[in-house]
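Using my numbering, the letters of the sequence shown map in sequence onto residues 158 to 630.
Heads up, the beta-carbon is just placed ideally off N, CA and C, and yes, glycines get one too.
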Amino acid sequence: MAFVPASDLGILDSPEEVLSTMTKDGKRRWLYPVESAGRYLTRRKIVGWALIVFFVVLPIVRVGGKPALFLDVARREFTFVGTTFYPTDTFLLMLMLLTAFVGILLFTALFGRVWCGWGCPQTVYLEFVFRPIERLVEGTEHARKKRDDAPHTGEWYARRALKYAAYIVVAALLAHTFVAYFASWDRLIRWMTGDPRDHWGYFVLMAVTTGLIVFDFAIFREQMCTIACPYARLQSVLVDPDSLIVAYDPDRGEPRGRGKSRDGKGDCIDCFACVRTCPTGIDIRDGLQMECVACTQCVDACDSIMDRVGKPKGLIRYASEHELEHVPTKRVRARTILYSIVFVGLLSAFTFKLATRNAYDVNVGRNVGAGMSAPFITMPDGQIANQLRLRVRNQLGKPVTFTVEAETPQGASVIVIGPSPVPLKPGEMKRVNILVRAPRATFINGTADATFVLRFSDGQSVEEAFPLLGPSR
Ligand code: SF4
Ligand code: SF4
């Protein structure tokens, strides 16, 4: 096999480097990671493309008349597979986010950074979309590095322009899909096909989002994982010696060395294949490092080297630190038990709250100032009138109507100011003014406890209590 020196691919100039993506004088070190075919790369490609399809399809597929995932920030409504959360569902959303957060803690304690290497959009789109385009247009990593280091020619500029043109097209598609999660495709298509003067904000939004995507995947790249991502920073507290990591087995590999004679040497032939393939530019043989995104490229690279030299695969493999120290790995341990209990508790609370969530959210308030300067008035027939405001939200996926009546105090009546029954579209929140009249005799010390019943056309009813104000006796 033809070895390309690691330094030829922009990595490991000096063992004293602090950051794999920075030169000694603080400049950016461009990486040229070689793709290594193998069992993990094949599986990661399948998972990666399934996730890409999922990402594209989710805002297109409709469940209950709405996109499967729709984060309508403008209306503060979030829809997940047919269930819409409204601003009044803050507690439910908080439970959902807490459940997801503890789930990440549990997952990381058990499986390390599997998410980073297999599921994170940064890895998936960089490795399976943008780098393949780069290889197609600019050739292999070695050829690209040689061309980049030499004085730039017309060919260099032409290839670079073609690559960026392809990046912009792909980034624009991704930007539209991403924005569709927040605006929906229906609205996006209206913006796209409407008069540009009415939707200039759309063009600005798309230009900025596309620009950020191109910047991230063409320029910033692995630095998102090594410098910017907070999840990487959390690793030191989330991972312990029993967590699954991608690791080099020094007992088997050391002392490393090249040459045909293997006397006294370990299995590592010091070929640098694992370093040349690493997308974050590190040497896995230096031990667990924050920059490692557990992408398994070094596993595939080393496995193919082991095949060639007739040694068993797995010099670099999924293992725990304890396993490498020949200490049995404990999958069940205090932190995984604690995380599991909290996770199941939160998930149960979320499921219970969701299952018992009311179909209608009703709120009663006083409507002082809307035609009445005083909190109550005495009508010519001696009855006391209060003007109130109902805020009613239909949390179902179907249209309904409702009427309002007063159950207490005795003799009270309700006049809806506006059409009655009141129509409510799916998800709609409506404010309705009502005039409540009650006999003067029902007021004690200036108040009378009223109970309102809202009867909905689907047969459900909601009761709300509210104190009426009146004269003190
Ligand atoms: S690929 Fe394997 S054999 Fe080659 S340097 Fe890395 S660990 Fe050693
Ligand atoms: S060390 Fe291996 S698993 Fe970690 S980022 Fe580099 S290639 Fe991927």
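Annotation for glutamate 482: no alpha helix (DSSP H) segment contains it, and DSSP assigns it neither H nor E. Cβ contact annotation for glycine 205 (same chain, cutoff 6 Å, sequence separation greater than five): Val281, Phe285, in chain order. Pairing glutamate 564 with threonine 608 gives a Cβ-Cβ distance under 7 Å. Taking 6 Å as the cut-off, one finds no heavy atom of ligand 1 near enough to the beta carbon of aspartate 246. Between the segment 255 to 267 and the segment 593 to 613, the count of C-beta pairs closer than 8 Å stays below three; the two stretches do not touch. Isoleucine 426 has its Cβ nearer than 6 Å to a heavy atom of ligand 1. Alanine 337 is a Cβ neighbour of proline 216, given a cutoff of 7 Å. The beta carbon of threonine 334 lies closer than 7 Å to those of Phe212, Val213, Pro216 in the same chain, with the five residues before and after it left out. Per the DSSP secondary-structure output, alanine 542 pairs in a beta bridge with Ile534, Arg594. A distance of 7 Å or more separates the beta carbons of isoleucine 441 and tyrosine 388.
Distance between tryptophan 272 and glutamate 234, taken at the CA atoms: about 28 Å. Rounded to the nearest angstrom, the Cβ distance from isoleucine 402 to alanine 476 is 7 Å, consistent with a contact under 8 Å. In the DSSP assignment, glutamate 295 falls within the unbroken alpha helix (DSSP H) covering 288 to 295.
Look at the beta carbons and you see the segment 381 to 400 touching the segment 442 to 452: at least three pairs across the two are nearer than 8 Å. Between arginine 523 and arginine 548, the C-beta gap is not smaller than 7 Å, which leaves the two residues out of contact. By the CB criterion at 7 Å, proline 578 and threonine 558 fall inside the cutoff.
Listed as beta-bridge partners of tyrosine 405 by DSSP are Ile473. If only complete runs of 3 or more residues are kept, the segment 500 to 526 shows the beta strand (DSSP E) at 517 to 523, in order along the chain. Contact annotation: glycine 438 and serine 177 have beta-carbon atoms nearer than 7 Å.
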